[in-house]
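Okay, structure first, notes after.
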Amino acid sequence: SGDVEDTFESGVVEPAHAKEQAVTSAAEAANLVLKIDDIISAGDLSTDKGDDEAGGPGGAPGGMGGMGGGMGGMM
Numbered sequence: 053s054g055d056v057e058d059t060f061e062s063g064v065v066e067p068a069h070a071k072e073q074a075v076t077s078a079a080e081a082a083n084l085v086l087k088i089d090d091i092i093s094a095g096d097l098s099t100d101k102g103d104d105e106a107g108g109p110g111g112a113p114g115g116m117g118g119m120g121g122g123m124g125g126m127m
C-alpha cells in the first residue's frame, strides 16, 4: 500500500534466524574487506622499499603477521 505501518500488527513476522544470518553475513563481509585492505597495504609497503629482496625466499611474498588461522575463527 506504500504506507508506513507496524509489520507485527500487519501479520508480517520475520524469523529470528533470518536476522541472525543477515548480521553474521554482514560481519563476515566486513572482515573480508578489512583483510583485503591489509593485504593491499602490505603490498604497497613491500613495493616502496625498492629492493629486489623484499619478498621471501625464491621471490615468495613475506609473511603477514596476524593473518593466520584461515576461516576457523569465523563460526
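Take the sequence shown: its letters are residues 53 to 127, numbered as in the numbering used here.
Cβ atoms here follow ideal geometry from the backbone N, Cα and C, with glycine treated the same way.
According to DSSP, is residue 80 helix, strand or coil? helix
Leaving out five residues before and five after residue 126 in sequence, what residues of the same chain have Cβ atoms less than 8 Å from its Cβ? Here the model assigns residue 126 a pLDDT of 49, short of 50, so the residue's position is not dependable, and the following value carries that caveat. Sequence-distant partners of residue 126 (beyond 5 residues in either direction) whose C-beta falls short of 8 Å from its own C-beta, in its chain, are 80 and 83.
Helix, strand or coil, according to DSSP, for residue 66 in the structure here? coil
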